[in-house]
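Numbering (our numbering), first residue to last: 175 to 387.
First comes the structure, then the notes that go with it.
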């Protein structure tokens with residue numbers, strides 16, 4: 175049976191993420207044997223991204239995409255957990271409710287909601303994203319993770335998801351990346367990426383930062 179639950183405690187980090195340069199956040203939650211990674215990726219170019227919550231389960235290595243309903247700026251994050259979603263959580267927890275286990279899914283959701291961080295520092299946000307970049311790749315299905323420099327745009331504007339990769343796939347200081355993105359936006363320039371087999375095209379991010387900042 176589908177269970178509806180409002181993860182309203184997401185409000186704090188959701189608004190924080192919306193205002194952040196990287197427009198992305200990831201945080202871990204442990205419950206019994208389960209290890210969960212929750213992720214949100216926002217983009218001004220993709221309205222649907224504002225309603226997506228991704229959950230990676232570290233034991234079973236499953237990835238769920240959940241839709242959040244309601245006005246998120248009014249603390250509404252209603253999610254409908256279908257039977258298959260609930261089973262995925264049970265598998266991660268290594269539980270079988272048919273064995274007489276007293277586990278209640280709503281109790282689990284209440285605990286999750288109560289433990290969602292109210293805020294996440296920029297430093298922690300950066301580490302969380304970089305430490306989980308391989309998992310994030312499964313969401314974006316993007317093999318281009320090697321920085322090869324700036325590209326001036328004659329039409330359109332730099333996309334959030336492209337600029338966000340600077341936080342994920344380079345070792346540059348987060349404050350420097352903030353400054354770089356601000357600079358790139360001011361001159362309507364994006365950044366280009368290639369695949370690992372073309373490392374010879376790579377540009378050292380820190381050298382590039384010294385040249386432009």
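The beta carbon of each residue, even a glycine, is placed where N, CA and C say it ideally should be.
- Task: Tell whether a beta-carbon distance below 8 angstroms holds between residue 367 and residue 310.
- Result: In the chain shown, the residue the question calls residue 367 occupies position 193. In the chain shown, the residue the question calls residue 310 occupies position 136. Not in contact: residue 367 and residue 310 (Cβ atoms no closer than 8 angstroms).
- Among the residues of its own chain, which have a CB less than 8 angstroms from the CB of residue 260, if the five just before and after it don't count? Indexing the chain shown from 1 puts residue 260 at position 86. Here residue 260 has 177, 279 as same chain residues with Cβ atoms under 8 angstroms from its own Cβ, once five neighbours each way along the sequence are excluded.
- Message: Rounding to the nearest angstrom, what Cα-Cα distance links residue 330 and residue 252 in this structure?
- Response: By one-based count along the chain shown, residue 330 stands at place 156. By one-based count along the chain shown, residue 252 stands at place 78. Cα to Cα, residue 330 sits roughly 34 angstroms from residue 252.
- Task: Would you check if there are 3 or more beta carbon pairs closer than 8 angstroms linking the stretch 340-353 to the stretch 370-387?
- Result: yes
- Verify whether the separation of the beta carbon atoms of residue 203 and residue 289 is less than 8 angstroms. Within the chain shown, numbered from 1, the residue matching residue 203 stands at position 29. Within the chain shown, numbered from 1, the residue matching residue 289 stands at position 115. Contact: yes.
- Query: Does the separation of the CB atoms of residue 216 and residue 242 fall below 8 angstroms?
  - Reply: Here residue 216 is taken as the residue at index 42 of the chain shown, counted from 1. Here residue 242 is taken as the residue at index 68 of the chain shown, counted from 1. Cβ atoms of residue 216 and residue 242: not closer than 8 angstroms.
- Note down the Cα distance separating residue 181 from residue 287, rounded to an integer number of angstroms. In the chain shown, counting from the first residue as 1, residue 181 sits at position 7. In the chain shown, counting from the first residue as 1, residue 287 sits at position 113. Between residue 181 and residue 287, the C-alpha separation is close to 6 angstroms.
- Task: Report the rounded CA-to-CA distance for residue 248 versus residue 374, giving the unit in angstroms.
- Result: Here residue 248 refers to the residue found at position 74 when the chain shown is read from its first residue. Here residue 374 refers to the residue found at position 200 when the chain shown is read from its first residue. Approximately 48 angstroms between the Cα atoms of the pair.
- Message: Tell me which residues share the same chain as residue 327 and place their Cβ nearer than 7 angstroms to its Cβ, disregarding the 5 neighbours each side in the sequence.
- Response: Within the chain shown, residue 327 is the residue found at index 153, counting from 1. Taken in chain order, the residues that qualify are 362, 363, 364.
- Take residue 218 as the anchor and find which of 281, 335, 319 has the nearest alpha-carbon. Numbered from its first residue, the chain shown carries residue 218 at position 44. For the residues 281, 335, 319, the minimum Cα distance to residue 218 belongs to 335.
- Report, in whole angstroms, the separation of the C-beta atoms of residue 255 and residue 239, which I expect to be a contact under 8 angstroms. Translated into the one-based positions of the chain shown, residue 255 becomes position 81. Translated into the one-based positions of the chain shown, residue 239 becomes position 65. At roughly 13 angstroms, the Cβ-Cβ gap does not stay under 8 angstroms, so residue 255 and residue 239 are not in contact.
- Query: How many angstroms separate the CA atom of residue 270 from the CA atom of residue 263?
  - Reply: One-based indexing of the chain shown puts residue 270 at position 96. One-based indexing of the chain shown puts residue 263 at position 89. C-alpha separation (whole angstroms): 11 angstroms.
- Message: With distance defined between alpha-carbon atoms, name the residue in 210, 246, 257, 305 nearest to residue 226.
- Response: Along the chain shown, read from residue 1 onward, the residue named residue 226 stands at position 52. Comparing Cα-Cα distances from residue 226 to each of 210, 246, 257, 305, the minimum goes to 246.
- Message: Please state whether the Cβ-Cβ distance between residue 187 and residue 355 is less than 8 angstroms.
- Response: For the purposes of this step, residue 187 is identified with residue 13 of the chain shown, where counting begins at 1. For the purposes of this step, residue 355 is identified with residue 181 of the chain shown, where counting begins at 1. Contact flag unset, no.
- For residue 291, which option in 234, 317, 199, 175 has the closest C-alpha, if you only look at C-alpha atoms? For the purposes of this step, residue 291 is taken as the residue at position 117 of the chain shown. The option with the nearest alpha carbon to residue 291 is 199.
- Report yes if the CB atom of residue 283 is closer than 8 angstroms to the CB atom of residue 206, and no otherwise. Position 109 of the chain shown holds residue 283. Position 32 of the chain shown holds residue 206. Contact flag unset, no.
- Once you ignore the five residues that flank residue 234 on each side, which residues in its own chain have a CB closer than 7 angstroms to its CB? Locating residue 234 in the chain shown gives position 60, where the first residue counts as 1. Only residues of its own chain outside the window of five on either side were considered, and among them 265, 266 have a CB closer than 7 angstroms to the CB of residue 234, listed in chain order.
- Could you work out which residue in 189, 358, 325, 333 is closest to residue 220 when comparing CA atoms only? The residue you call residue 220 lines up with position 46 of the chain shown. Among 189, 358, 325, 333, the Cα nearest to that of residue 220 is on 333.
- Query: Counting along the chain, where does the alpha helix (DSSP H) carrying residue 355 start and finish?
  - Reply: Position 181 of the chain shown holds residue 355. Counting along the chain, the alpha helix (DSSP H) containing residue 355 begins and ends at 348-360.
- Task: Would you mind sorting residue 370 into buried or exposed? The rule is 16 or more other CB atoms within 10 Å of its CB.
- Result: Numbered from its first residue, the chain shown carries residue 370 at position 196. Residue 370 is exposed by the Cβ-count criterion.
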